[in-house]
Structures are given as C-alpha cells and as structure tokens.
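Top to bottom, those sequences are chains A and B. Residues in the first sequence are numbered from -3 upward in steps of one, following the numbering used here. Residues in the second sequence are numbered from -3 upward in steps of one, following the numbering used here. Every residue, glycine too, gets a C-beta built ideally from N, C-alpha and C. Just below is one structure, and these are the notes that go with it.
2 protein chains.
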Amino acid sequence: MFENAELGRTIDKLTYEREAPLVRSALLEAQRELADSRLSVVVIVGGVAGAGKSETVDLLLEWMDARGIETHAMREHTDEERERPPMWRFWRALPRQGRMGIFFGAWHAGPILDRVFNRITPLQLDQAIARNVEFERMLHREGVLLVKFWLHLSRIAQKKRLKQLEADPRQSWRVMKRDWKLFKLYDVHRSVAEHVLRRTGTEEAPWTIVEGTDRRYRHLTVARALLDAMRGRLERAKADPPAPEPSPVHLVPHPVNVIQRLDMGLALDPATYRKELHQAQGALGLLSRRLRKAKRSLILVFEGPDAAGKGGAIRRLTAAMDARVYQVISIAAPTDEERAHPYLWRFWRHLPPAGRVSIYDRSWYGRVLVERVEGFARPDQWQRAFEEINAFEEQMVEHGLILVKFWLAITPDEQLRRFQDRQDTPYKQHKITAEDWRNRDRWDAYEAAACDMIEKTGTESAPWVLVEGNNKEWARVKVVKEVVRRVQSALGV
Amino acid sequence: MFENAELGRTIDKLTYEREAPLVRSALLEAQRELADSRLSVVVIVGGVAGAGKSETVDLLLEWMDARGIETHAMREHTDEERERPPMWRFWRALPRQGRMGIFFGAWHAGPILDRVFNRITPLQLDQAIARNVEFERMLHREGVLLVKFWLHLSRIAQKKRLKQLEADPRQSWRVMKRDWKLFKLYDVHRSVAEHVLRRTGTEEAPWTIVEGTDRRYRHLTVARALLDAMRGRLERAKADPPAPEPSPVHLVPHPVNVIQRLDMGLALDPATYRKELHQAQGALGLLSRRLRKAKRSLILVFEGPDAAGKGGAIRRLTAAMDARVYQVISIAAPTDEERAHPYLWRFWRHLPPAGRVSIYDRSWYGRVLVERVEGFARPDQWQRAFEEINAFEEQMVEHGLILVKFWLAITPDEQLRRFQDRQDTPYKQHKITAEDWRNRDRWDAYEAAACDMIEKTGTESAPWVLVEGNNKEWARVKVVKEVVRRVQSALGV
C-alpha cells in the first residue's frame, strides 16, 4: 500500500514554480464555488510524524482563503467531550455548507494509535473502522466531500527527517517525545495504518497516500488532489436535478400491525391511578438522583399522534424530578446553521452532559415520520435515516446512556374528542393548530410510517415502548413505571 | 429588605383555584407573543434552600409551553468552562429571540456563596456585582427581558422547611449536606444576599423577593410578576418605532489624529526584512509552544482599511506556528442564530480554549467601524458597543488571555495601487469586490470612526498597536515583533 510512497518522488523547483500559481488560483476558484454551493469539504490530514502534516495544512491555509477554513487538531478529550459518545467532538466540529474543515488525523487517528499502543484489541479496532466507514458514508450522502490524505515516510526517511527537525532550532519544537516513541514502533504503526487505510478507503472517501520526503512534491500532490476532488464534486452537484417540490406520499398501513394490536380499552380507575403514579414517581425521584451520581444519562423520546398525551406524560415524569436534573427538548424547525449541516447534527449538538435526563417531545424520528409522510425528505433521505438513527442510538447506548422510546397511541375517535376539548379550554387552545387537523386527515399514512419506524429502529438496547393512550391515566402510569423499570435494570438496582 | 418576605403571607385554596387558571392562560398568551417578537426572556430563580426554587421552576415549565423554555442549573464548571472567562458559561446559555431561559441562581449565586464561605473578599464581591450589573444592562438593551426572583425564608421557616423535607421520603433527596452547611451561616448568607440584591436590583432588572413559606402564595406571586413583566415589555416593544433604513453617516476625522501622525515612509530593505522577520518568527514559534504549556491564550485582532495587508501580516504569524496551535477567524455575516442573540454572543461563542492562538481578521470592532459608518447599527447601539467591548476584553485579560489589537494603516494612494494590483493578479482577484471600491469612497468616515475607536478602546491591558502599513515589509516585521514582545512580557520571559 505504501510502496508508491517510498520511491523518493520529487518535483523540481522549476516545475513547482510553474505549476504552483496555477493550482493555487484554481483552488481559490473552487473554494469560491464551494462557498455558493450546498456542499462542504472535510479534509483529513493524517500520517507519520515528520511527514509534513502541519506544513501541508499551513500551505492549504496560505493558498486558499483561510477565512473559509477551520482547522481542528483534537488531542486530549475535554470533560465535556468525555461525557458524550466519542464521535460528539467530530460532529460538533463539522463545517457548515460552503466551508471547509481540516482535521488532523480526524476519527482515524485515535483508533490507529490505540491499536499501536495496544490499548484496544484488533476486534475493537475493526469495530471503530466500521463505525468510521458508516460515518463517512453518511457525510458523503449529506453533501460533505471527504478528501483524505495520508503522508507517508519510509523508516529511513522518517528517522532522517526527525533528526533534521531536531537539529534546526526553529523547527525542533515540532518533534515531541511521543514522536520518537511512535517511531520505535514504526513497523507496527505501518501495519496498523495500512489495515485502517485499506478498510476505510471507500469509493465515497478514498485515501490519497502522499510521500512526505520532498516538500514540493508533497505540496503540489496534495493541492492537486484536493483540487480534483473539489472540481469533480462541484461539477456533479451542478448536474444534480433540483429538489422536487415536497408532496405528501400515499401510504397504507398493514391492517394487522403493532399499533392496531394494542388493547386500547386498558384503563385505570382514579384511585389506582393516584396510588400507582405516586409510587412510581417516588421511585423515579430517587433514581434520578442515582443517575446523577452514577454519571449516567437518560434519554427519553416521545412520539405519537397529536393529542396522544405526550405532554401530559412528560409532565408526570418531570414532576417527580428536580428541575435541575432534566431538560425537556422540543424539536422545532431547524435554524439555518442546522440546515447547513448533516441531518443529525442538531441532535448531536444538544446531546446532554453526563447524569442528566433529557426528554424529547418529538425527536430525530421526525425524518421518518412527518418528513417522510409530507414528502419533506426525499425517499433516499428517509430510507437511509433508519441506519443513521440506529448508528446514532447505538453510540449513545455504548457510551452508557439509557435510551427509552415511547410511542403513544390513540384511536382517531379519541383524538377528535381531545381536539374538541382543546378548542374549548382557553389555556389549551395554543396546543391546537390548523396543521393538527391536516395531519389528522393523513392518519393512515402516519400509522404506516410509525409501524415501519418501530420495526426498523426498535432494537434490544433501544426499544420502542408502545403505550395504549386512550386512557390518560393508564398511559401516564405505564410511562413512569416503564422508565423506572429501565433505569433500575440499567443501574442494576 | 426581606422584612416583607417574613410576614407569613399565604393565599387560600379558593383564591388560588380561581386565579391560577387565569394567570396560566395569560402567561401562555404572553409566551406566544414572545415567540413572535424579537425579545427573549431570562428568568433568574435564586434564594435560600427549601424556599421552593425547583418547585417554582417546575411550575413555570408546567404552566407555560416547556418547549419554548430552557433551564440551566450550573454548578461545577466543566474544564471547557474553566478555560474561558467566568461569564462564558452564561453567554453560551443565553436564550435566542422568542425563547425563555430559566437560570437557577445565574451569575449572582456564585459570588454570593463565594463571599459567604469567605472565598472572596468584600472588594472582590463588589467587583463581581459591578460586572453583573453591567452584563444585565447590556442584556436589557439588547432586547432581553430580565425577571429576577429571590425566594426567601426566615431562619425559623427555613429550619422547619428543611426538616419537613427530610422527613418526607419522596422529598428528602432535595436536602443536601451543603444546605445545612449554608443554614448554619444563615445570618451571613442573609446579609450578603441583601447586599447583592440591593446592588443588583436595577431599574432594568429589578428583583422580586418572594416569601417561600406558602406554596400557593409563592406560585401565584412568581407567576403574576413574570406575567406583568412580560406584558409590560411586549407592550413597549410594540410601541417601538420600526428600525430606520440604514444610511451611511457623515463623519470627518480631526486633521491631526493618531492615524495621520504615523510616519508612512517607514520601510525595510529586503535583506533586513528577511533577517528580522526570520528572527522574530523563530522566537514566536518557540513562544507559541510555551503558551500552550502555560495554558495561556493569545488573541490577536486585525483591523484596518481594505488591502492594508492584514492577510499578509497574519500569514507571517501563522507561518511561524504549528497549524494545530492557531486558528484564523474571519468575521463574516452573522447567521440567524447569531442575529437572534446579543451582539457579542457570536464572539463569546467562539472563544478559544486555553493555550491557543486566535487571530481575528476583522472582529467585534465591526460594530464601531463598518456598522457605524454604513449606518447598520443605530447610534445607541454603536455608542454602547464601546463599553460592551471594553467589558468583554477586560474579562479576557483578567482571565489571563493575552490580547493585542493591530490597526494596519495605509494611505489612500497606496490602497489604490494595491487594488489595481489585485485586479491584475489571477489568484488575488477574489480579494477585491465592488464593496471595496465603495468603502474607499468613504475613506474619511472610516478614518474618523477608527480614531474614535482607538481612543475609546485602547486600554493599557488591551492596547491598539498602530502599524505603518505602506511598506509591507515594515508592517509585517513590526507585527511579528510586537506579538513576540507582548507574549514575552506576559509570560515573564
């Protein structure tokens, strides 16, 4: 894999001086086109110490308009990062549309070094690789151009280079103790890097391996590769057909489905309701304190038709907890910054720190519910949303977050009764809009989409809990009890 | 001050049940109006333990639409917060227009507790008070309605309440060790709180002191006060005249001014330039590593006319440093999220972590330069920007950030020459736009605004360095040397 990068390739001064200005102005031109497009660019610069990673980044910053570029050299995790799944730090750093983000090593560096220093097993490395491939595929589909460079040096060239740098008083600071430490493991590093590069060099996000010995060769090779990638992607974007006008889809649910199967007659009498709710709330109050101490987070997702009782159920949960512990997050229209990033960005960005309870009144599932049904998302967008959401939730669960998803079901008749009640009660009127009535007309499509969603995203570690919601008392007690049960089981109490 | 809050005020059940639904629907109505307005609301809930702070917040979340509200209970600082000035955590939590943020204790709680436990001197407390008053005044002027509650209990009532809570198994978790620790210092706490409340109860942001003993009284009092404040502010907003169309202002600089005084003939010959630049860059490279180790941040601000050489000077700085250490930040048009927050929010939000070098190509001074000259900011806005900016920079410097601000000056003739050169060089063409030519016509106004800015914001700890920029070599060497000098002096090396 690195054979071509150990040939001592060079570019002579004359060629460089002739070529460089051309590539440079072409890069600037491409960057200007990028700025007006709906694309963004992520450049990854990885490689061995001394191969010129930061010089390369300096060059790009110098040749292009540095104002449209952010660089990210993430080393130690901050505690805010440690409190979230590992990919959070990268999600928050993703460039917005029209801009470029340069990442040193990016999400590949951590797993490589962890494996070289034997902090993770080969199996764990492969897991990380799979995750990264999945992540890059998502980025690619969301309009992020990935340009990945690996700057390579042969063992002899690296040793020579590190010594050279150390001998130069203006450069010696570039060489750190850990560089020599890693150099001692040159063969291991090379073999792990090769493995990672081979597995993560996909069609959507290929690696360009660049021999790092000759400065001019390195610079021109990187700049040209970036230019080609940008030009190609910008061209393809122009050829894309314009997004069609959103139009609602026709969907019919299977007559026998998980929602239809629910026993909507389930109910609680007032006395039992009060007793059981009281008891479950008491338990939840104590558990929420334990969560805080254990630094475990709880994420609760509520979906369901309008007036299904999401708000009421949420209030029964929050009533049991200190307002300092929980946050109710409601998903409104995305801001322009959110629109300028991949779909899940706005959920990642608000991921809570450890030990908190976050309650989502509607959620990332909007993509496969309202956006699918109303045609706001293209078929390819909502279809791949299932895997993207599963990957997102998997990362939460792996990080120790406790995730419970509730589908609050009601019958169309019951919804109608509640809509009418809302219109008659002054402080409830704000809850009902013309949109609610419109959505009601599309009941079947929503039910079909919900069944599909439950099937595709209900996993063992992040299951959907279906709640019979016609009787509010039943629904509320079921929700609170279920939360208690899941938290108890997660905390092992 | 607390006399009225120790009278055992209560509200009977009948009155409460009659009043509560009215206040509740009025609050919802006000919240809906808020959502469509350009205002935001910050509610501060402070007070003694057991007085019902979280119950009050729970109530507000229940009565209003929780989806438009964020709650913030900030206790321990995260390391990302510790790496920035203390107010950063509050800035990043400010609600956007149309929304409400509820803060437990907010910026007042820290200084009060620090003083009670003798971690700060009375003088330091007063300093913190002054800062908070300044901060709240700024918020008020930027369209943030501040509603501040202090929930009070007499010593006897507090003791009784804490014991009651402890005896109730469902509530006992509300009482923590530190609550009793603080109770032992009841008199000190009371007197410090009184001092803080008196000094921070301003016309723009008054405190409402609420007796915490009776639940119904507390709830209704808080809800009514919030309602009154919101209604009043929303009414006044309606009465505001619409913003006038921006129109450029007429400004003439004083013929004898700091910019005119510069000796624009200063120049370096190529050989001296190379030698001195080289030397200064070497020193800067080493210093940038020291900064990182010392966890000190360096903020460099560049302002000046178009084509004054800001970009060139910045590149001479970045060339001396590892790309991992620095970030070039260019101030473009604000996003809608940024526009929906107070002016300085977008600068606070991007404040770098410790040990980094941030280079601003244009900055928060846009408010008193382009926005003033072109009339994008109202006179009251740019006028108060001076004090807001000074407060912002003071906080950076106090936190140990090293701040150096450069004004790169050129003469109109030299600018013309450079504009023409840019138009003739392919990879420089992107740097010149029609706007640049327009701005050039308003040279005098910009010069006058710049002189004003230098006078009003040049402080000993965050001075303006005026750079004679007609000769690029001179300017670049001066900039790099100056940065070296300032960093050396700050690090004491």
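| Query | Result |
| --- | --- |
| Any C-beta of chain B under 8 Å from that of residue 278 of chain A | yes |
| Beta-carbon gap between residue 402 of chain B and residue 298 of chain B smaller than 8 Å | yes |
| Sub-8 Å separation of residue 171 of chain A and residue 222 of chain A beta-carbons | no |
| Within-8 Å CB hit, residue 430 of chain B to chain A | no |
| Residues that residue 354 of chain A bridges to, as DSSP identifies them | A:295, A:323 |
| Length of the line joining the Cα atoms of residue 45 of chain B and residue 96 of chain A | 49 Å |
| Presumed contact (8 Å Cβ cut-off) between residue 194 of chain A and residue -3 of chain A, rounded CB distance | 6 Å |
| Contact list for the stretch 30 to 53 of chain A against chain B, Cβ threshold 7 Å | 50, 53 |
| Under 8 Å between C-beta atoms of residue 316 of chain B and residue 280 of chain B | yes |
| Residue nearest to residue 290 of chain B in terms of C-alpha spacing, selected from B:433, B:397, B:477 | B:397 |
| Burial state of residue 548 of chain B (16 or more Cβ within 10 Å) | Summary: the structure shown does not reach residue 548 of chain B, with chain B confined to residues -3 through 489, and so no result is reported for it. |
| Chain-ordered chain B contacts of residue 357 of chain A [CB-CB under 9 Å] | 62, 63 |
| Alpha carbon of residue 427 of chain B to alpha carbon of residue 345 of chain B, nearest angstrom | 27 Å |
| Whole-number beta carbon distance between residue 88 of chain A and residue 333 of chain A, since they are thought to touch under 8 Å | Going by Cβ atoms, the distance from residue 333 of chain A to residue 88 of chain A rounds to 12 Å, so no, they are not a contact pair. |
| Chain B contact for residue 270 of chain A (CB, 8 Å cutoff) | no |
| Residue burial classification, residue 421 of chain A (beta-carbon count within 10 angstroms, cutoff 16) | exposed |
| Contact with chain A by residue 326 of chain B, beta-carbon distance below 8 Å | yes |
| Below-8 Å beta-carbon distance, residue 282 of chain A vs any chain B residue | yes |
| Cβ-based burial, residue 176 of chain B [other Cβ within 10 Å; buried from 16] | exposed |
| Any C-beta of chain B under 8 Å from that of residue 21 of chain A | yes |
| Minimum Cβ-Cβ distance from residue 6 of chain A to chain B less than 8 Å | no |
| Limits of the alpha helix (DSSP H) - the one that residue 104 of chain A falls within | 102 to 112 |
| Start-to-end residues for the alpha helix (DSSP H) that takes in residue 359 of chain A | Careful: residue 359 of chain A lies outside any alpha helix (DSSP H) and carries neither H nor E. |
| Nearest-angstrom Cα separation, counted from residue 375 of chain A out to residue 42 of chain A | 35 Å |
| Neighbouring residues, chain B, relative to residue 100 of chain A (Cβ below 9 Å) | 319, 320 |
| Chain-ordered chain B contacts of residue 311 of chain A [CB-CB under 7 Å] | 58 |
| Residue 314 of chain A: contacting residues in chain B (beta-carbon distance under 7 Å) | 54, 57 |
| For residue 402 of chain B, the three-state DSSP class (helix, strand or coil) | strand |
| Min CB distance residue 169 of chain A to chain B below 8 Å | yes |
| For residue 82 of chain B, the nearest candidate out of B:450, B:431, B:387 (CA to CA) | B:387 |
| CB contact flag (residue 108 of chain A, residue 146 of chain A, <8 Å) | no |
| Per DSSP, cross-strand counterpart(s) of residue 460 of chain A | A:401 |
| Where residue 285 of chain A meets chain B, residues with beta-carbon distance less than 7 Å | 169 |
| Same chain only: Cβ atoms within 6 Å of residue 20 of chain A, ignoring 5 sequence neighbours per side | 59 |
| Under 7 Å by beta carbon: chain B residues contacting residue 132 of chain A | Per Cβ cutoff of 7 Å: no residues; residue 132 of chain A is ~22 Å from chain B at best. |
| C-beta contact flag for residue 339 of chain B and residue 130 of chain B at 8 Å | no |
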